[in-house]
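Here's the structure, in structure tokens; my notes come after.
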DNA sequence: GTGGCGTCC
DNA sequence: CAGAGGGACGCCACT
């Protein structure tokens, strides 16, 4: 028994707390299922015999469910919990998970009235059925039906002619039951499951897809495309690598339900003969290059690249369903076609994996049978048209969103395509030299560390490092990771470094290892052998706030803060006779805060072009501008950034290493000096609660339904997002507008300058060196003119032979 | 695939 | 009373 109590106390000490009311330990904190599993493993499976543990029931399960981001993770953990506690837990989760799914769906139904949530996934009916097989799914499925019906009704109202035909007749819209009101009794057990109306609807969709196998048929379609008001098209390719991919087929859709696939390069053994790719592309060229012939697609930037590989310049792209969905609601669904079809149309489309397989067994699209490829590809074009028919009327009904779409997101597509295609020149030899140097240093540090630790271990393994630091050497545990293990993060090691020698070595090791693995080793591998440059992908529909993101390689997280890191930037160079020009917006988010809040003090500071952190320090600490100490300026800077991120006094205290009370007094002083900022923040939170969303200066919306959550953590997270999103999002809008005008200048005037990178508040151009002086002026003017705010924008421009020296 | 960590704005 | 800083991507270890 003593052992049991010890184990329990150990458990309590190693995690955030315990629900177990035993041995004088108060039930104070939450325990999560994986911790129960650990616990039971520790004490042996005596769960039914431990007083108190059987109290884990629906109520506790509800707390866990609310706290977990991943329902799947929670369910899989719950499945492993043995004994009575497991039974109770699973019963509670079944009920609660289903009601949460219902709440999720319900929220989606009421768009745009209620808004949607962060990173919300589609309800996966087959999976729900598997999990809740013993439960009746009628109410859930009814809501899915009603969802489609209402969407279509709304679309029909907004645009009679554009109403899609996919509407399923359905009962009236669901009554407005608050999620929490869905009691367990509403979900009656029923062994006989309903048929799946979602799958059924897919099968019953009116569709006529044809496969084009002769030139007369092709000519017929080309004529129809030419006469159409709008057509959707899609290219099928051998690879997602946009520079090194071949066209396997193309598909078209003019009218929902009618689509055609043109197989061109299916080359498996026994493939039917197909039309000649070059000849078909030449027939399509005049259509695709005609700017007055409007086109629709899903992620057209990719198709632009693919066509450019064949010398075809896509013009006249008018609509892109990926961007329509993103502008409509950046978080209600992911913006790939399969997700959108499920979300907006209630359709389960044929996925790429369905026809090509997945993992190591995946085949190229050229190996897919023409029959299956035709179904898949024609459906893509068809569904693209259907999505557009439901999305565009919604956007037009919300004029600011339509304007954001027309003025910013759609025109940005060709700009990004050109940036990607141009690529960035990298000095491979320089990176390889650095890699060698880093490797030597890493080996030294490894030897020193092992000697100091008295044991050999893998420095790259946080788990092994935890054991060495906190078990073998007994260093104090200063912070724990979310999963309850002792953290070895940078801030912890910094603090430990004051009293112990090892953490400092590990910090240097980590820094070098990061530089080598992520940058000096990987970047050279990503240089295209043909162009000698790296060609990133900018993603336009990923970040909830409107920012771009970059992958393969990510050019938006190249080091800059440390001297060692900046050497990486020296390898970003320009071609002979050219230089890099880097132009970044100075303090753009704080300027936007001044604009949005209208705070007089802040407006004045920017109007007078003050050093904003210094000016803030002078106000907060009540000293003259020239009396502000470096320490005061540092504090003010932390306050300013904290405000942008919705940070609390607690967080500020930790950041600054001061007492919480001191941090609180800084915050109070700040708000006393800048009362407009506090008013703005209160008003923003209030608007988010009232409307369900916040918006940027240019009308971009971010929906935050969690701001009404009864779960405090989620609600506060939503509040921080509400504060941050208008500033971060407006900055994104502004730089996108700047990119469009800068690119237009590059294109129209045939100047020797090209946009090559964007890093959130910075644009990088490759400019012929003799043209630098003029480029500075032209780029600066366009960036400055990208928005008219109540404060001036400020752009800082530098240039040099490499990215480091351009700053 | 997930968690921990680290890079950027 | 607990929690406590927004948005991304990528590497490594580990399962």
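Numbering (our numbering), first residue to last: 191 to 997.
Backbone N, C-alpha and C fix where the C-beta goes; we use that ideal spot for every residue, glycine too.
Predicted model, so just to flag it, every value in this text is computed and none were measured.
So what does DSSP say about residue 435, is it helix, strand or coil? Indexing the first chain from 1 puts residue 435 at position 245. DSSP places residue 435 in coil when its eight states are reduced to three.
Between which two residues does the alpha helix (DSSP H) containing residue 753 stretch? Sequence index remark: in the first chain, residue 753 carries index 563 (1-based). Counted as a single uninterrupted DSSP element, the alpha helix (DSSP H) harbouring residue 753 occupies residues 753 to 759.
Tell me the DSSP bridge mates of residue 449? Reading the first chain from its first residue, position 259 is the one you call residue 449. Answer by DSSP bridge pairing, in chain order: 399 and 443.
Determine whether the beta carbon atoms of residue 460 and residue 484 lie at a separation below 8 angstroms. Here residue 460 refers to the residue found at position 270 of the first chain. Here residue 484 refers to the residue found at position 294 of the first chain. No.
In chain order, what residues of the same chain have a beta carbon less than 8 angstroms from the beta carbon of residue 465, not counting five sequence neighbours either side? Position 275 of the first chain, counted from the first residue, corresponds to residue 465. Same-chain partners within the cutoff: 402, 403, 404, 405, 408, 452, 453 and 454.
For a quick check, are the C-beta atoms of residue 518 and residue 576 less than 8 angstroms apart? Position 328 of the first chain, counted from the start, is the residue given in the question as residue 518. Position 386 of the first chain, counted from the start, is the residue given in the question as residue 576. No. Outside cutoff.
If you follow the beta strand (DSSP E) that residue 615 is in, where does it begin and where does it stop? For this step, residue 615 is matched to residue 425 along the first chain. Note, residue 615: beta strand (DSSP E), 614 to 616.
Would DSSP call residue 859 helix, strand or coil? By one-based count along the first chain, residue 859 stands at place 669. It is helical.
Within this structure, are the beta carbons of residue 768 and residue 956 separated by less than 8 angstroms? Looking up residue 768 in the first chain gives position 578. Looking up residue 956 in the first chain gives position 766. Taking 8 angstroms as the Cβ cut-off, residue 768 and residue 956 qualify as a contacting pair.
Near residue 828, what residues of its chain come up, given a Cβ to Cβ distance below 8 angstroms and the 5 sequence neighbours on each side ignored? Within the first chain, residue 828 is the residue found at index 638, counting from 1. Same-chain partners within the cutoff: 842, 845 and 846.
Would you decide whether residue 833 is buried or exposed? Buried here means 16 or more other CB atoms lie within 10 Å of its CB. Position 643 of the first chain, counted from the start, is the residue given in the question as residue 833. With 16 or more other Cβ atoms within 10 Å, it is buried.
Could you round the C-beta distance between residue 953 and residue 945 to whole angstroms and report it? I think they count as a contact, below 8 angstroms. Here the question's residue 953 lines up with position 763 in the first chain. Here the question's residue 945 lines up with position 755 in the first chain. Taking C-beta atoms under 8 angstroms as the contact rule, residue 953 and residue 945 qualify, at a distance of about 6 angstroms.
Would you list the one or two residues that DSSP bridges to residue 717? Within the first chain, residue 717 is the residue found at index 527, counting from 1. In the DSSP output, where bridge partners are listed per residue, residue 717 has 724.
Taking only the alpha-carbon atoms, compute the straight-line gap between residue 818 and residue 493 and give it to the nearest angstrom. Residue mapping note: residue 818 aligns to position 628 of the first chain, counting from 1. Residue mapping note: residue 493 aligns to position 303 of the first chain, counting from 1. The alpha-carbon atoms of residue 818 and residue 493 are separated by roughly 55 angstroms.
Measure the alpha-carbon distance for residue 721 versus residue 560 and round it to whole angstroms. Numbered from its first residue, the first chain carries residue 721 at position 531. Numbered from its first residue, the first chain carries residue 560 at position 370. Going from the Cα of residue 721 to the Cα of residue 560 covers about 33 angstroms.
Starting from residue 883, follow the beta strand (DSSP E) in both directions and report where the run begins and ends. For the purposes of this step, residue 883 is taken as residue 693 along the first chain, with counting starting at 1. Looking at the DSSP string, the run of the beta strand (DSSP E) that includes residue 883 is 883 to 885.
For residue 915, which of 582, 901 and 884 has the nearest alpha-carbon? By one-based count along the first chain, residue 915 stands at place 725. Ranking 582, 901 and 884 by Cα distance to residue 915 puts 884 first.
6 angstroms CB neighbourhood of residue 807 in its chain, flanking five on each side removed: Locating residue 807 in the first chain gives position 617, where the first residue counts as 1. Its chain contains 818, 822, 823 and 826 as the residues whose beta carbon lies nearer than 6 angstroms to that of residue 807, once the 5 sequence neighbours on both sides are disregarded; these appear in chain order.
Which ranges would you report for the alpha helix (DSSP H) in the segment 896 to 938 if only whole runs of at least 4 residues count? 902 to 938
Where DSSP assigns a beta bridge to residue 969, which residues make up the other side? Taking the first chain and counting its residues from 1, one reaches residue 969 at position 779. None; residue 969 has no bridge partner.
Validate contact between the segment 867 to 885 and the segment 903 to 917 using beta carbons, cut 8 angstroms, 3 pairs: As far as the Cβ criterion goes, the segment 867 to 885 touches the segment 903 to 917, which means the pair count is three or higher.
Could you please give the first and the last residue of the uninterrupted alpha helix (DSSP H) stretch that includes residue 778? Here residue 778 is taken as the residue at index 588 of the first chain, counted from 1. Note, residue 778: alpha helix (DSSP H), 778 to 787.
Which residues does DSSP pair with residue 763 in a beta bridge? As a working mapping, residue 763 is identified with position 573 in the first chain. Paired residue(s): 615 and 992.
Below 8 angstroms, how does it come out for the segment 775 to 795 and the segment 867 to 878: are there three or more Cβ pairs, yes or no? Contact between the segment 775 to 795 and the segment 867 to 878 is present: 3 or more CB-CB pairs across the two stretches fall below 8 angstroms.
Residue 783 beta carbon near the ligand NAP (any heavy atom closer than 7 angstroms): For the structure depicted, the ligand NAP is absent and the ligand set is empty, with no information on it obtainable.
Sort 773, 689, 658 and 766 by Cα distance to residue 677 and report the nearest one. Taking the first chain and counting its residues from 1, one reaches residue 677 at position 487. For the residues 773, 689, 658 and 766, the minimum Cα distance to residue 677 belongs to 658.
Contacting residues, own chain, Cβ-Cβ under 6 angstroms from residue 617 (five flanking each side not counted): Within the first chain, residue 617 is the residue found at index 427, counting from 1. So the list reads 761 and 763, once near-sequence residues are dropped.
Candidates 746, 628, 740 and 741: which alpha carbon is nearest residue 704's? The count along the first chain starts at 1 and reaches residue 704 at position 514. Residue 704 has its Cα closest to that of 628, out of 746, 628, 740 and 741.
Contact set for residue 994: own chain, Cβ-Cβ below 6 angstroms, skip 5 residues either direction: Taking the first residue of the first chain as position 1, residue 994 is located at position 804. Contacts found: 756, 759 and 760.
Please report the residue range of the alpha helix (DSSP H) in which residue 653 lies. To locate residue 653, count along the first chain from 1; it is residue 463. Unbroken alpha helix (DSSP H) run through residue 653: 652 to 656.
Name the DSSP bridge partner or partners of residue 955? As a working mapping, residue 955 is identified with position 765 in the first chain. Answer is 771 and 945.
For residue 711, which residues in the same chain have their Cβ closer than 6 angstroms to its Cβ, ignoring the five residues on either side in sequence? Numbered from 1 along the first chain, position 521 holds the residue referred to as residue 711. 625.
Let me confirm a value: residue 491 is counted as buried when at least 16 other C-beta atoms fall within 10 Å, else exposed. Which label applies? Within the first chain, residue 491 is the residue found at index 301, counting from 1. Classification for residue 491: buried.
As a quick exercise: from 909, 876, 880 and 805, pick the residue whose alpha carbon is nearest that of residue 860. Taking the first chain and counting its residues from 1, the one referred to as residue 860 is at position 670. Measuring from the Cα of residue 860, the nearest candidate turns out to be 805.
I'd like the list of long-range same chain contacts for residue 590, defined as Cβ closer than 6 angstroms, with 5 residues on each side in sequence excluded. On the first chain, residue 590 is found 400 positions in, with the first residue counted as 1. Closer than 6 angstroms at Cβ, skipping near neighbours: 889.
Alpha carbon to alpha carbon, how far is residue 426 from residue 221? Give it in angstroms, no decimals. The residue given as residue 221 occupies position 31 in the first chain. The residue given as residue 426 occupies position 236 in the first chain. Residue placement at residue 221 is poorly supported in this model, since its pLDDT is 46, which falls under 50; the coordinates still yield a value, given next. Whole-angstrom Cα-Cα distance: 49 angstroms.
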